[in-house]
Amino acid sequence: MEKGSSNPPHVLIFPLPAQGHVNSMLKLAELLCLSGLYVTFVNSEHNHERLVRFTDLQVRFSQYQGFQFKTVADGLPVEHQRTGYKFLETFEAMKVVTKPIFKEMVKGITPSLSCIIGDGASEFVLEAAIEIGIPVIHFRTVSSCSFWSYFCIPDMIKAGEIPIKGSEEMDRIVTTVPGMETFLRCRDLPSFCRVDGMSDLNLQVMTNCTRQSLRARGLILNTFEDLEGPTLSQIRRRFSNVYSIGHLHEHLRKKLIEPKHQTHQSSNSLWEVDRNCMSWLDKQPSKSVLYVSFGSLAVTTKEQFLEFWHGLVDSKKRFLWVMRADSVAKRDGEAEDYPPELVEGTKERGLIVEWTPQEEVLAHEAVGGFLTHGGWNSTLESIAAGVPMICWPYFADQQINSRFVGEVWKLGLDMKDVCDRKVVEKMVNDLMEDKREEFVRSAAKMAELARNSVSEGGSSSHNLNCLIEDIRLMIG
Ligand code: UDX
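Throughout the sequence shown, residue numbering follows full-length UniProt numbering, covering 1 to 476 in sequence.
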């Protein structure tokens with residue numbers, strides 16, 4: 001912001017082009033708009049086109065003075081699937097293609113920028129901004145516990161704790177992540193720490209990105225003090241300006257119901273939301289439905305899919321299952337022949353849809369449990385709704401999230417490294433029936449703490465206000 005200019009501070013926000021990143025950073029963008037800041041939101045061309053096609057994004061944001069969308073190429077061919085492990089090709093593609101475009105864009109933006117809120121998972125934003133001389137605040141859309149484990153990867157390598165060489169090591173306790181020495185096992189580390197998942201790119205991206213956050217002006221973490229206080233204390237020993245701001249959805253909802261705002265909250269989905277599931281839920285008994293969703297990136301094999309399907313049907317519980325078109329890896333020419341008894345069982349008690357309004361589904365009276373991959377947005381949304389979880393982590397931060405859900409927060413069951421119809425059936429029955437009471441009690445308590453953090457004077461509200469004040473003090 002030029003000295004003496006009358007414009008409000010102007011912030012550029014740039015997420016990694018993935019649903020879980022776009023979702024939370026768009027919510028932050030809207031909260032900054034509601035606080036009177038000018039915001040430029042930079043999306044990939046691919047994702048912006050999908051958001052415009054499937055949501056009322058443009059109408060919603062047209063209400064805010066000083067708001068604009070900008071788009072950049074993500075460096076991947078249009079037909080690239082952008083999910084599963086192939087999503088990881090995004091990092092290299094963006095470094096080569098997006099970085100030069102982004103630098104030119106930032107130099108030409110008016111009014112001049114006060115700061116950039118960049119996704120801490122993308123390496124080049126901080127470098128580009130420092131070259132241009134604009135302050136950067138990093139936003140990490142993952143949990144604090146996963147962020148801290150990424151930060152400690154060099155120490156784990158130095159101590160010879162990773163790479164994890166084989167299955168016999170998986171239950172060995174990891175001693176070089178401060179604060180987690182009593183419960184963190186090798187199998188709970190980010191999947192990139194395993195010898196089959198520890199490609200140089202993955203490790204370099206996760207480690208470099210996390211360590212380079214030390215050079216940012218501040219670090220926003222999508223969490224709240226009552227949930228991750230011990231880990232946040234560890235992080236604050238190394239990072240000076242840490243803003244724990246969780247439940248952006250709830251912050252937004254509270255601000256949007258204020259009479260002066262004419263807009264309403266709607267989805268930031270990259271897929272078309274099928275709202276028929278809501279009327280299906282309306283017909284189900286209270287807390288009788290297990291909601292099943294593995295996020296926007298996970299891709300299961302056909303064998304894994306069938307193990308889940310058999311387990312769900314054999315559990316005799318009702319289920320609402322999100323199945324994106326690319327959720328199950330298909331081998332060339334493979335027939336879609338699913339066992340007839342499973343189709344029958346699904347018709348009787350299950351509903352499969354491509355994409356749901358997830359926050360509304362989790363808040364629905366009929367939903368009693370969530371079989372999730374442990375993606376951080378899904379985990380936070382389940383915590384806010386007070387819904388117990390079964391976590392089947394796919395990759396990245398999900399392994400450690402599921403360990404905290406099962407072992408530390410006691411909010412559900414950790415189905416890590418297992419995909420067996422008998423285990424699925426047993427865990428579904430434990431969560432929905434046999435062990436239900438213990439999980440419902442702890443989930444209700446944590447949901448209350450989440451609500452408190454977003455209330456007036458709560459930790460998330462306080463940190464959001466501090467962030468906005470600190471941005472106002474930044475002279476670009
Ligand atoms: C990715 C990583 O996988 C995740 O671990 C990391 O924490 C964030 O980036 P993703 O796998 O998509 O995210 O999972 P998650 O973080 O849970 O984000 C998924 C988002 O999509 C959630 O906000 C969820 O509400 C939304 N969603 C999912 C829908 O709106 N409808 C659906 O049917 C499924």
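Ideal placement from N, C-alpha and C gives every residue a C-beta, glycine not left out.
Closer than 7 Å: GLN304 CB and nearest the ligand UDX heavy atom: For the ligand UDX, no non-hydrogen atom lies closer than 7 Å to the CB of GLN304.
Distance cut-off 7 Å: SER191 Cβ against heavy atoms of the ligand UDX: no
Proximal residues to SER122 (C-beta, below 8 Å), its chain only, five neighbours per side dropped: PHE14, LEU16, PHE91, MET94, CYS209
CYS145, DSSP secondary structure in three states: In the three-state reduction of the DSSP assignment, CYS145 falls in the helix class.
Check whether ASP332 and VAL142 have beta carbons under 8 Å apart: no
Nearest residue (CA-CA) to TRP148, options ARG82, GLN81, LEU221, ILE130: Cα-wise, what sits closest to TRP148 is LEU221.
Per-residue burial, THR372 [other beta carbons within 10 Å of its own, 16 or more giving buried]: THR372 is buried by the Cβ-count criterion.
Beta carbon of VAL106 nearer than 8 Å to that of ILE132: yes
Any non-hydrogen atom of the ligand UDX within 7 Å of VAL142 CB: yes
Limits of the unbroken alpha helix (DSSP H) element including TRP321: First-last for TRP321: 318-322, but that is the beta strand (DSSP E), not the alpha helix (DSSP H).
Where TYR64 falls: helix, strand or coil (DSSP): coil
Local Cβ density within 10 Å of TYR338, reported as buried at 16 or more and exposed below that: exposed
PRO9 classed as buried or exposed, judged by whether at least 16 other C-beta atoms fall within 10 angstroms: buried
Same chain only: Cβ atoms within 7 Å of SER191, ignoring 5 sequence neighbours per side: GLY197, PHE395, ALA396, GLN399
Residues bridged to HIS80 [DSSP beta-bridge criterion]: For HIS80, which the question treats as bridged, DSSP gives no partner whatsoever.
Spatial distance of MET446 from ALA384 (CA atoms): Approximately 8 Å, taken between the alpha carbons.
Other residues of its chain near GLU30: CB distance less than 7 Å, five sequence neighbours each side excluded: Contacts found: LEU252.
Beta strand (DSSP E) segments (min. 3 residues) lying fully within the UniProt domain "Glycosyltransferase N-terminal" (11-100): 38-44, 67-72
Alpha-carbon spacing of MET432 relative to GLN212, whole angstroms: Cα-Cα distance, rounded: 43 Å.
heavy atom of the ligand UDX below 7 Å from LEU221 C-beta: no
Within 8 Å, strictly: CB atoms of ALA73 and THR98: In contact: ALA73 and THR98 (Cβ atoms closer than 8 Å).
According to DSSP, residues forming a beta bridge with LEU256: Answer is none; LEU256 lacks a bridge partner.
When VAL367, MET415, VAL22 are compared against ILE390, the one with the closest alpha-carbon: MET415
Simplified DSSP state of SER293, which is helix, strand or coil: strand
Beta-carbon contacts of LEU219 that lie in its chain and below 6 Å, excluding the five residues immediately before and after: Within the same chain, HIS138, SER213, PHE239, VAL242 come within 6 Å of LEU219 by CB-CB distance, once the 5 residues on both sides are set aside.
Alpha-carbon to alpha-carbon, PRO178 and VAL313: 42 Å
CA-to-CA distance, GLU303 to ASP417, given in whole angstroms: 14 Å
Extent of the continuous beta strand (DSSP E) to which MET389 belongs: 389-391
Exposure label - GLU2; buried when at least 16 CB within 10 Å: Because GLU2 sits at a pLDDT of 49, beneath the cut-off of 50, its placement in the model cannot be relied upon, and the following sentence gives the value as read from the coordinates. With fewer than 16 Cβ atoms within 10 Å of its Cβ, GLU2 is classed as exposed.
Alpha carbon of GLU181 to alpha carbon of ASN463, nearest angstrom: Each residue's alpha carbon lies about 29 Å from the other.
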